[in-house]
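Here full-length UniProt numbering is used: the first residue of the sequence shown is 1, the next is one more, and so on.
Glycine included, each C-beta is placed from N, C-alpha and C at the ideal position.
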Amino acid sequence: MDDAKTFDLLSSGETAGIFQLEGAGMRRYIKELKPTTFSDISAMVALYRPGPMEHIPTFIKAKHGIEPIHYPHPTLASILEETYGVIVYQEQVLFIAQAFAGYSLGQADIFRKAMGKKIPEVMRKERRNFMAGAKRNGFSAEVASEVFALIEPFAGYAFNKAHSVSYALIAYHTAYLKANYPAEYITAFLITNAGQSEKVASAIAECRRLDISVLPPDINRSQASFSIEKDSKDDAPAIRFGLTAIKNVGLGAIEPIIAERNKEGDFKSIEDLC
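Quick look at the structure:
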């Protein structure tokens, strides 16, 4: 997953119609991030939610070297290097608890869930247990306290990495299709969202930006829904509105028309159509 056109599209912020990346706020952040790896996309998907969203600027600045990445202890580097020192995933919380407090992954997950409840009494208990485990593992109280403070705000809302990677995979694939086959991708998008006027309008606007011709319904060219055909002006792919785009015309009327056209050829006149 290293297609240059795809990452250029993502870096431009022109992600209208791209799964998980099409909102105005996300488009602004993805343009600032200028992702260069699949891991960047996955992390952004995980961070763009209430709570972790406040750490997106830190993530972006760390990626581009604008702010240095600080680790309270070198042990954290191997766990957080992928995400530029920012805790993004639940799994990172587990690995930190395992590395510092000596928890098993099962114990670490119980710790994460307990921390996520944000109950002061529970938080104090978990802090004592974490500090004791870190001491047994040879870490100073100062380092253990700093690491606990690092993971404390993330324990409740860090995203599951498997979910994030799954979403990011779909986002990458849709971005790849838009970057390399824009007319075909937007046609598929229009077919899928034909009943949603706002999404149709947004897609048509995107066609204008990309200089893709959008052609009106035509009794001899249109299918039932949106379709691809060559633009008569320059042979480039163009998008044709379907006959269902005509107000008050349903499939019941359109299907016999298309069947007759396929059988007998183009309609020559109104009388021929009738």
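Supposed contact pair residue j and residue i - C-beta distance, whole angstroms, cut 8 Å
i    : j    : result
Y176 : D3   : 6 Å
I204 : V214 : 6 Å
A46  : Y89  : 6 Å
V147 : I96  : 7 Å
L105 : L94  : 6 Å
G102 : R136 : 6 Å
Own chain partners of residue i with C-beta closer than 6 Å, once the 5 adjacent residues on each side are dropped
i    : result
A132 : none
E67  : K61
K161 : Y89, E91
L210 : P182
D231 : S213, A238
I56  : Y29, L47
S11  : K34
Residues bridged to residue i [DSSP beta-bridge criterion]
i    : result
I239 : V214, I228
Residue i - containing alpha helix (DSSP H), residue span
i    : result
T15  : Taken as a continuous stretch (DSSP letters only), T15 belongs to no alpha helix (DSSP H), as it is neither H nor E.
Q90  : 90-101
C207 : 197-209
Y157 : Taken as a continuous stretch (DSSP letters only), Y157 belongs to no alpha helix (DSSP H), as it is neither H nor E.
F189 : 182-192
F130 : 120-136
V147 : 141-151
D109 : 105-116
A245 : First-last for A245: undefined, no H or E at that position.
K61  : 56-63
G250 : It is not in any alpha helix (DSSP H) - G250 carries neither H nor E in the DSSP assignment.
F267 : That residue, F267, is in no alpha helix (DSSP H); it is neither H nor E in DSSP.
M53  : Here M53 belongs to no alpha helix (DSSP H), and DSSP marks it neither H nor E.
N22  : Here residue 22 is Glu; the residue named in the question, Asn, does not match the sequence. Unbroken run through E22: none, as it is neither H nor E.
S78  : 77-80
Cut-off 8 Å between Cβ atoms - residues of its own chain near residue i, not counting five sequence neighbours on either side
i    : result
T75  : A99, F100
P217 : R240, F241, G242, L243, A245, I246
L273 : I219, I257, F267
E126 : F111, A114, M115
Beta-carbon proximity check, residue i vs residue j, cutoff 7 Å
i    : j    : result
G51  : Y167 : no
T174 : F38  : no
S225 : A201 : no
V122 : A114 : yes
A155 : G116 : yes
H70  : V143 : no
A179 : T6   : yes
E172 : M53  : Going by the sequence as given, residue 172 is Tyr instead of Glu. Cβ distance not < 7 Å, so Y172 and M53 don't count as in contact.
V165 : S269 : no
Close Cβ partners of residue i (< 7 Å) along its chain, the five nearest in sequence each way excluded
i           : result
E206        : A16, G17, I186
A22         : First, the amino acid is wrong: residue 22 is Glu here, not Ala. Once the five neighbours on either side are set aside, the close Cβ partners of E22 are T15, A16.
K31         : S11, S12, G13
residue 323 : The displayed coordinates of the chain run from 1 to 274. Any statement about residue 323 would go beyond what the structure contains.
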